[in-house]
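The next block holds one structure in the form of structure tokens; read it before the comments.
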Amino acid sequence: MRTIAVTRELNAGIGNCELTFLPRSEIDFGRAQQQHQDYQSALASLGCETVVIPAPSGLADSVFIEDTALVLDDFAVMLRPGVASRRPEVAGVAEVLRQYRLLKAIEAPGTVDGGDLLRVGSTIFAGLSTRSNQSGIRQLSNIVSDYGITVETVETAKCLHLKSAVSEVAPGTLLINPDWVSSSTFAKFELIPIDEKEAHAANALRIGADVIYPSSFPRTIDKLARRGLNVVPVDLSELQKAEGAVTCCSLIFSTP
Ligand code: GLY
């Protein structure tokens, strides 16, 4: 099997991105582009074949491709992002994913951002957030239930997406900010709490046995390393100003 990482070029208008929890600060576009290149190189260094979709004009947030789709083994679900400005991002991603998977879709009035979907084994935890609503989560649950996957809704009020608060760093092992999401929801898993001085540190991108992770959270990197995880640090400081993180910038899946 090959591992595909679909990414999307950075849009020159990223300075006009959506912001929900952070104040706007100037993004250095050249630096952001270099960081995005380095992120793609990190994916390639871990064996991913990167497929890069061009940036459509006018879609400031399109680099955050994770929010447009959920790719499962048998099919992909094209999502419906919670903010209207991001919905036109979906069509271009669907064009690429249809080469690999059958496509299903979330319909209005449902909304789901991929950043709210954390899959652990046969469970998808779905953040009920400013971006993902009950209709969207119910539709997703109906779509995946025929394939033995269950969806559990998780109240997500203190951060942009569920995966801002919790992500998987090894099979059944989650990195979590317990101030942003309830640890009891994930009690059956091994939990690694982030360092309390690094509130935004719970988003990690697991690629097999390795973890792509922001270099801006050194205390939490130490914790992950002490747990025996192989951390591949990337500097995403410019995309973090746009409320981006490591999972948001790619869609990862296997294909023969
Ligand atoms: N700027 C990322 C988002 O709001 O979706």
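By this note's numbering, the letter at position 27 of the sequence shown is numbered 27, and the numbering carries on one by one without gaps. C-beta atoms are modelled at their ideal positions from N, C-alpha and C, and glycine is treated no differently. Quick caveat, the model's predicted, so the values are computed rather than measured.
Could you say which of the options lies nearest to residue i if we only look at CA atoms?
i	options	result
P214	F186, G228, L239	L239
S237	E190, V246, G13	V246
A242	R24, A12, I4	R24
V212	H36, E89, S182, E9	Looking at the sequence itself, residue 212 is Ile, so the reference to Val does not match. Out of H36, E89, S182, E9, H36 has the C-alpha closest to the C-alpha of I212.
R98	V151, A202, A55, V77	V77
E196	S182, I137, R219	R219
P88	A187, G58, I137, D73	G58
R138	I106, E49, L46	I106
H200	P256, Q33, G228, S216	S216
S45	D73, F186, I4	I4
I149	P171, F125, G136, D210	F125
A288	R86, L43, P56	The structure shown does not extend to residue 288, since the chain spans only 1 to 256, so no value can be given for it.
Applying the 10 Å Cβ sphere with the 16-neighbour rule, what's the burial state of residue i?
i	result
L102	exposed
P81	buried
Y147	exposed
L22	exposed
N177	buried
Q134	exposed
V93	buried
Report the partner residues of residue i according to the DSSP bridge assignment.
i	result
A5	T50, I252
N230	D210
I124	R119, V151
K104	V77
S260	Lying outside 1 to 256, the shown extent of the chain, residue 260 is not represented and no answer is given.
I192	L175
L205	I212
Is the separation between the beta-carbon of residue i and that of residue j shorter than 8 Å?
i	j	result
V6	S250	yes
L162	L118	yes
E18	D61	yes
V90	L79	yes
R206	E168	yes
E66	G115	yes
Determine the direct distance from the alpha carbon of residue j to that of residue i, and round the result to whole angstroms.
i	j	result
V234	F75	30 Å
N142	L224	35 Å
P193	G208	21 Å
S41	V71	22 Å
S129	W180	12 Å
V144	S132	17 Å
T123	L160	21 Å
V112	T173	24 Å
Next item on the list: Under 5 Å from any heavy atom of the ligand NAD, by CB: list those residues in chain order, please.
Entry: The ligand content of the structure shown is limited to the ligand GLY, which means the ligand NAD is not among them.
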